[in-house]
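Protein sequences appear in the order of chains A and B. One gets the working numbering by counting positions in the first sequence from 1 and adding 7 to each. One gets the working numbering by counting positions in the second sequence from 1 and adding 7 to each. Take a look at the structure set out below.
2 protein chains.
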Amino acid sequence: MARIVMKFGGTSVANLDRIRAVAAIVRREVDAGHSVAVVVSAMAGETNRLIELCEEAGPPAPALDARYVEHDAVVSTGEQVTSGLLALVLQNLGYRARSWQGWQIPLKTSSAHGRARISEIEDTMLGDAIDQGEVAVVSGFQGISPQGRIATLGRGGSDTSAVALAAAVKADRCDIYTDVDGVYTTDPRITKQARRIDRISYEEMLEMASVGAKVLQTRSVELAMAYKVPLRVLSSFDPPDAPGSGTLICDEEDIVEQNIVTAVTPDLNEATVTVHAIPDEPGRAAAIFTSLADAGVNIDMIVQSASREPGFANLSFTTKEADLDRAVEVLNGVKSEVGFNALQSDRNVAKISVIGVGMKSHAGVAATMFQTLANKGINIQNISTSEIKISVLIDSDAAEYAVRALHEAYGLDKAK
Amino acid sequence: MARIVMKFGGTSVANLDRIRAVAAIVRREVDAGHSVAVVVSAMAGETNRLIELCEEAGPPAPALDARYVEHDAVVSTGEQVTSGLLALVLQNLGYRARSWQGWQIPLKTSSAHGRARISEIEDTMLGDAIDQGEVAVVSGFQGISPQGRIATLGRGGSDTSAVALAAAVKADRCDIYTDVDGVYTTDPRITKQARRIDRISYEEMLEMASVGAKVLQTRSVELAMAYKVPLRVLSSFDPPDAPGSGTLICDEEDIVEQNIVTAVTPDLNEATVTVHAIPDEPGRAAAIFTSLADAGVNIDMIVQSASREPGFANLSFTTKEADLDRAVEVLNGVKSEVGFNALQSDRNVAKISVIGVGMKSHAGVAATMFQTLANKGINIQNISTSEIKISVLIDSDAAEYAVRALHEAYGLDKAK
Numbered sequence: 008m009a010r011i012v013m014k015f016g017g018t019s020v021a022n023l024d025r026i027r028a029v030a031a032i033v034r035r036e037v038d039a040g041h042s043v044a045v046v047v048s049a050m051a052g053e054t055n056r057l058i059e060l061c062e063e064a065g066p067p068a069p070a071l072d073a074r075y076v077e078h079d080a081v082v083s084t085g086e087q088v089t090s091g092l093l094a095l096v097l098q099n100l101g102y103r104a105r106s107w108q109g110w111q112i113p114l115k116t117s118s119a120h121g122r123a124r125i126s127e128i129e130d131t132m133l134g135d136a137i138d139q140g141e142v143a144v145v146s147g148f149q150g151i152s153p154q155g156r157i158a159t160l161g162r163g164g165s166d167t168s169a170v171a172l173a174a175a176v177k178a179d180r181c182d183i184y185t186d187v188d189g190v191y192t193t194d195p196r197i198t199k200q201a202r203r204i205d206r207i208s209y210e211e212m213l214e215m216a217s218v219g220a221k222v223l224q225t226r227s228v229e230l231a232m233a234y235k236v237p238l239r240v241l242s243s244f245d246p247p248d249a250p251g252s253g254t255l256i257c258d259e260e261d262i263v264e265q266n267i268v269t270a271v272t273p274d275l276n277e278a279t280v281t282v283h284a285i286p287d288e289p290g291r292a293a294a295i296f297t298s299l300a301d302a303g304v305n306i307d308m309i310v311q312s313a314s315r316e317p318g319f320a321n322l323s324f325t326t327k328e329a330d331l332d333r334a335v336e337v338l339n340g341v342k343s344e345v346g347f348n349a350l351q352s353d354r355n356v357a358k359i360s361v362i363g364v365g366m367k368s369h370a371g372v373a374a375t376m377f378q379t380l381a382n383k384g385i386n387i388q389n390i391s392t393s394e395i396k397i398s399v400l401i402d403s404d405a406a407e408y409a410v411r412a413l414h415e416a417y418g419l420d421k422a423k
Numbered sequence: 008m009a010r011i012v013m014k015f016g017g018t019s020v021a022n023l024d025r026i027r028a029v030a031a032i033v034r035r036e037v038d039a040g041h042s043v044a045v046v047v048s049a050m051a052g053e054t055n056r057l058i059e060l061c062e063e064a065g066p067p068a069p070a071l072d073a074r075y076v077e078h079d080a081v082v083s084t085g086e087q088v089t090s091g092l093l094a095l096v097l098q099n100l101g102y103r104a105r106s107w108q109g110w111q112i113p114l115k116t117s118s119a120h121g122r123a124r125i126s127e128i129e130d131t132m133l134g135d136a137i138d139q140g141e142v143a144v145v146s147g148f149q150g151i152s153p154q155g156r157i158a159t160l161g162r163g164g165s166d167t168s169a170v171a172l173a174a175a176v177k178a179d180r181c182d183i184y185t186d187v188d189g190v191y192t193t194d195p196r197i198t199k200q201a202r203r204i205d206r207i208s209y210e211e212m213l214e215m216a217s218v219g220a221k222v223l224q225t226r227s228v229e230l231a232m233a234y235k236v237p238l239r240v241l242s243s244f245d246p247p248d249a250p251g252s253g254t255l256i257c258d259e260e261d262i263v264e265q266n267i268v269t270a271v272t273p274d275l276n277e278a279t280v281t282v283h284a285i286p287d288e289p290g291r292a293a294a295i296f297t298s299l300a301d302a303g304v305n306i307d308m309i310v311q312s313a314s315r316e317p318g319f320a321n322l323s324f325t326t327k328e329a330d331l332d333r334a335v336e337v338l339n340g341v342k343s344e345v346g347f348n349a350l351q352s353d354r355n356v357a358k359i360s361v362i363g364v365g366m367k368s369h370a371g372v373a374a375t376m377f378q379t380l381a382n383k384g385i386n387i388q389n390i391s392t393s394e395i396k397i398s399v400l401i402d403s404d405a406a407e408y409a410v411r412a413l414h415e416a417y418g419l420d421k422a423k
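Printed below as a string of structure tokens:
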């Protein structure tokens with residue numbers, strides 16, 4: 008008998024039919040004799056509806072320092088409804104079940120409303136309940152602040168709730184049910200050769216999340232890695248009597264047959280900014296990046312090169328497309344302070360990353376990447392690397408072509 | 008500076024525009040220097056939407072003994088959303104405000120989910136908060152059970168929440184804002200002569216509620232009477248700068264100029280059942296009424312008369328139209344046990360009541376009623392009385408005619 012935490016996202020609980028399908032998956036684990044806690048998101052669309060109501064109400068007057076406090080009281084009701092309904096459906100099937108709100112567990116958080124961090128989960132009551140055969144249906148995405156108020160964890164927080172709960176109750180496994188049946192070697196919309204990965208390490212999954220693969224929230228993977236919670240991604244749309252095995256995200260050492268490269272991940276939401284002719288003096292780059300950080304603009308892939316004019320340098324960086332306008336605005340504001348000559352921006356770029364823990368011990372991965380792209384006539388604008396990832400920036404028109412070529416070059420299209 | 012509890016029902020908070028109108032009423036009291044707690048219902052339609060979701064989920068398996076537990080977790084979110092939104096709107100206007108859920112106050116209830124009774128309200132935290140100038144926006148209709156679960160008080164429970172809270176914080180007044188501007192001498196849809204009553208005693212208001220006047224929940228009036236909370240009914244649709252004074256429901260001794268009759272109240276949702284030829288022996292009537300009570304059928308206005316056959320009696324009673332089919336079914340089930348001959352039922356009846364504390368000290372009120380109806384040729388089928396109420400059962404086609412005649416006969420149409 009194992010303790011299992013299961014998590015179902017908004018599309019998996021979008022209506023009563025879907026909730027009944029979820030109940031069928033849950034009862035399979037209960038019937039197998041496991042102690043089960045289920046973390047649920049709001050029904051698809053509900054969170055947006057509730058956020059819109061809050062926006063219609065308008066923000067608190069700035070002097071009150073109350074931003075997102077009441078927002079959280081309103082928005083958290085989405086998960087509360089789902090948890091009650093799933094508990095009801097399970098009870099209707101004759102299973103003992105109850106809903107747990109964040110404050111009932113209690114799942115304690117910081118007081119940073121709208122983006123609170125989990126500080127502590129008391130596992131006693133809930134752990135005892137599930138070991139006595141009662142299914143715990145937990146409202147995801149929320150907890151209780153030190154002030155006794157409902158605090159939400161921010162978008163995607165239900166994944167984090169599930170992993171934190173799994174760590175707290177020392178669950179044998181945390182199963183994240185979603186609308187895809189696992190993590191793929193690349194985006195299946197780009198190539199039919201994409202294959203589901205059976206096992207992937209936490210580190211690789213983190214790199215994939217950081218470059219835009221949207222299967223799991225980065226924070227939930229970090230938490231799973233820190234507490235060594237085996238995490239499984241699988242589909243809630245598989246028939247309950249023929250479940251898929253999904254993708255297991257686990258410790259590197261639990262993966263027997265390690266690939267050199269595990270995935271090729273494209274990110275099309277990138278943009279570049281080039282700052283021309285910055286005086287080549289200490290402090291100029293710092294002024295640029297401090298002003299961008301103050302404005303909340305995340306930047307990536309920084310390259311500095313000598314300008315044609317002696318004594319001046321050019322600086323390029325990438326940012327998310329959504330942040331580009333703000334980045335340009337911020338830089339124009341510090342133009343005289345920094346003393347640069349001109350700005351140039353480009354939305355027509357894509358970042359292609361190859362990811363694999365095997366890179367640590369195998370040479371030639373980067374060479375294969377550059378050679379493959381060169382053979383296809385694709386120009387590399389920018390390169391960045393981590394211990395287990397190589398990213399290149401290329402023209403976005405070439406992105407799909409590049410992904411297919413790299414997927415083949417690293418042998419990812421071959422069934423194992 | 009007074010402590011004031013205000014309560015707004017579902018139509019008063021139906022959308023953000025209405026919630027802003029409510030905020031304008033609330034700020035008027037805050038600007039006057041009062042300590043204010045506001046109890047809110049769910050936005051109109053929300054409670055029904057949530058109940059439908061629960062019904063779609065289906066009831067818990069009977070063996071689980073979990074009826075309405077999860078229902079309450081789901082349905083209570085309606086009020087939670089409104090309290091958060093009203094707090095947000097007040098904060099947007101620059102006022103300090105916060106939402107309070109039942110479990111945060113805490114407002115403690117019994118564990119009878121779906122129809123819980125309030126057992127205790129701790130006033131310390133909330134009372135201190137409002138005295139420090141923070142508006143408390145309280146989710147009505149809900150509290151926390153001894154098991155730490157959310158429990159709802161049943162339909163109309165927000166009125167009860169407001170009165171109980173007013174008693175707990177020793178409020179100087181509890182203002183119930185609704186979609187009518189007070190309590191009327193009779194239904195204004197029946198006669199334009201109906202006048203708003205300035206002051207009415209708790210006892211009269213209770214009699215009016217018991218015969219179907221839907222302005223206030225019976226339980227909330229009982230609670231107000233028990234704790235001597237002055238209760239005011241007024242309209243949330245009056246412009247905030249020209250508020251009406253509504254109707255004050257208070258102790259009899261606080262009403263200086265007492266009317267003999269205060270109101271004429273029609274109830275068209277009545278039906279009669281006549282049981283013919285019951286053997287005139289002890290225990291036969293008891294068998295009838297016990298079986299009806301066991302089936303949850305409320306009965307009223309019982310009349311027993313001798314049958315034409317010696318040794319037999321006829322028994323008539325009224326019930327709510329909605330309960331009639333069940334009543335007939337129950338009685339047919341005990342026909343052989345009771346030994347009656349035939350059943351007869353009639354939906355085409357109305358109960359007309361005249362209500363007034365002045366009856367206690369003035370003779371002739373009943374005589375006026377019977378004479379007035381006789382003059383109009385209206386036949387009385389049945390009569391029942393309390394200390395401050397006389398009800399007659401008549402043909403429902405004559406109901407409006409009777410109400411207008413009685414309203415005039417007791418001088419209720421004369422402006423004072």
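Just so you know, even glycine gets a beta-carbon here, dropped at the ideal spot from N, CA and C.
Query raised in the report: Going along the chain, which residues of the region 99–128 of chain B sit with their C-beta nearer than 9 Å to a C-beta in chain A?
Result: Flagged, chain order: N99, L100, G101, Y102, R103, A104, R105, S106, Q108, W110 and Q111.
Query raised in the report: Going along chain B, which residues have a C-beta under 9 Å from A:C181?
Result: Chain-ordered listing is empty here: chain B has no CB closer than 9 Å to the CB of A:C181, the nearest sitting near 24 Å.
Requested in this report: Give every residue of the same chain whose Cβ lies closer than 8 Å to the Cβ of B:Q87, excluding the five residues on either side of it in the sequence, and list them in chain order.
Outcome: Hits under 8 Å: S106, Q108 and S146.
Query raised in the report: Mind checking whether B:S42 and B:I183 have CB atoms under 7 Å apart?
Result: With contacts defined by Cβ atoms closer than 7 Å, B:S42 and B:I183 do not form a contacting pair.
**Report entry** Cα-Cα separation between B:I256 and B:A169, rounded to whole angstroms
**Finding:** B:I256 and B:A169 have their C-alpha atoms roughly 14 Å apart.
Query raised in the report: Okay, do the region 33–49 of chain A and the region 118–132 of chain A touch, 3+ Cβ pairs below 8 Å being the bar?
Result: No: fewer than three Cβ pairs fall under 8 Å.
**Report entry** Candidates B:A80, B:L230 and B:A284: closest to B:G346 by CA position
**Finding:** For B:G346, the nearest C-alpha among the options comes from B:A284.
Requested in this report: Specify, as a first and last residue, the run of the beta strand (DSSP E) that A:M7 falls within.
Outcome: Outside the shown range of chain A, which is 8 to 423, sits residue 7 of chain A, and nothing can be said about it.
Query raised in the report: So what does B:E127 bridge to, in DSSP terms?
Result: Answer is B:K115.
Query raised in the report: Which residues of chain B have a Cβ atom closer than 7 Å to the Cβ of A:V81, listed in chain order?
Result: Within 7 Å Cβ-Cβ: V88, G91 and L92.
**Report entry** Through-space distance from B:G363 to B:I157, alpha-carbon basis
**Finding:** Straight through space, the alpha carbons of B:G363 and B:I157 are spaced by roughly 40 Å.
**Report entry** Reference A:A94; option with closest CA among B:N55, B:L71 and B:R203
**Finding:** Of B:N55, B:L71 and B:R203, the smallest CA-CA separation from A:A94 is found for B:L71.
**Report entry** Straight-line gap, A:L419 to A:T326 (C-alpha atoms, nearest Å)
**Finding:** Those two C-alpha atoms are separated by around 29 Å.
Report task. Starting from the C-beta of A:A80, find all residues in its chain whose C-beta is less than 8 Å away, skip the five residues before and the five after it, and write them out in chain order. Result -> The beta carbon of A:A80 lies closer than 8 Å to those of R156 and I157 in the same chain, with the five residues before and after it left out.
Query raised in the report: Along chain B, which residues have their Cβ under 8 Å away from the Cβ of A:L160?
Result: Simply none; closest approach about 17 Å.
Query raised in the report: With C-beta atoms as the reference, is B:G85 less than 7 Å away from B:A49?
Result: Cβ atoms of B:G85 and B:A49: closer than 7 Å.
Query raised in the report: Among B:N22, B:A68, B:I125 and B:A39, which residue has its Cα nearest to the Cα of B:T89?
Result: Of the listed residues, the one whose Cα sits closest to B:T89 is B:N22.
Requested in this report: Check the Cβ of A:T84 against every Cβ in chain B and list those closer than 7 Å, keeping chain order.
Outcome: The contact set of A:T84 on chain B, defined by CB atoms closer than 7 Å, consists of T84, Q87 and V88 in chain order.
Requested in this report: Look up B:R333 in the DSSP assignment and give the residues it is bridged to.
Outcome: Answer is none; B:R333 lacks a bridge partner.
Requested in this report: Look at the alpha carbon of B:S242 and the alpha carbon of B:F15, and state the distance between them as a whole number of angstroms.
Outcome: Distance between the alpha carbons of B:S242 and B:F15: 9 Å.
Query - DSSP-derived helix/strand/coil call for A:F148 - result: The answer is coil: DSSP assigns A:F148 none of H, G, I, E or B.
Query raised in the report: Does DSSP put B:V399 in a helix, a strand or coil?
Result: Three-state DSSP puts B:V399 in a strand.
Query raised in the report: Is A:R354 helix, strand or coil by DSSP?
Result: Looking at A:R354 - three-state DSSP - the assignment turns out to be strand.
**Report entry** Spatially closest choice to B:I112 from B:L92, B:R196 and B:G150, by CA coordinates
**Finding:** Comparing alpha carbon positions, the residue from B:L92, B:R196 and B:G150 closest to B:I112 is B:G150.
Query raised in the report: To which residues of the same chain is A:D166 closer than 7 Å at the C-beta, ignoring the five residues directly before and after it?
Result: Only K14, I183, L223, Q224 and S227 meet the Cβ criterion.
Query raised in the report: Where do the ends of the alpha helix (DSSP H) carrying A:N321 lie?
Result: Segment F319 to K327 is the beta strand (DSSP E) holding A:N321; no alpha helix (DSSP H) there.
Query - B:A201 versus B:P195 - alpha carbon distance - result: The straight-line gap from Cα to Cα measures roughly 5 Å.
Query - Assigned secondary structure, A:Y184 (DSSP; H/G/I helix, E/B strand, else coil) - result: Note: A:Y184 maps to strand in three-state DSSP.
Query raised in the report: What does A:G155 reach in chain B if we use C-beta pairs closer than 7 Å?
Result: In chain order: Q111.
Report task. Just mark B:G134 as buried or exposed, buried being the case when its beta carbon has 16 or more other beta carbons within 10 Å. Result -> B:G134 is classed as buried because its beta carbon has at least 16 other beta carbons within 10 Å across all chains shown.
**Report entry** Residues, ordered as in the chain, of the region 44–75 of chain A that lie near chain B by beta-carbon distance below 8 Å
**Finding:** Along the region 44–75 of chain A, the positions whose C-beta sits under 8 Å from a C-beta of chain B are L57, L60, C61, E63, A64, G65, P66, P67, A68, A70, L71 and A73, read in chain order.
Requested in this report: For B:V271, collect the residues of the same chain with a Cβ closer than 6 Å to its Cβ; drop the 5 residues on either side in sequence, then sort them by chain order.
Outcome: Non-local beta-carbon contacts of B:V271 in its own chain, meaning distances under 6 Å to residues more than five positions away in sequence, involve T193, V361, V410, L413 and H414 in chain order.
Query raised in the report: Under a Cβ-count criterion, where at least 16 other Cβ atoms within 10 Å of its own Cβ denotes burial, should B:T54 be classed as buried or exposed?
Result: Classified as buried, B:T54 has 16 or more neighbouring CB atoms from the shown chains inside 10 Å of its CB.
Query raised in the report: If you draw a straight line from the C-alpha of B:R291 to the C-alpha of B:L331, how long is it?
Result: Their Cα atoms are separated by approximately 20 Å.
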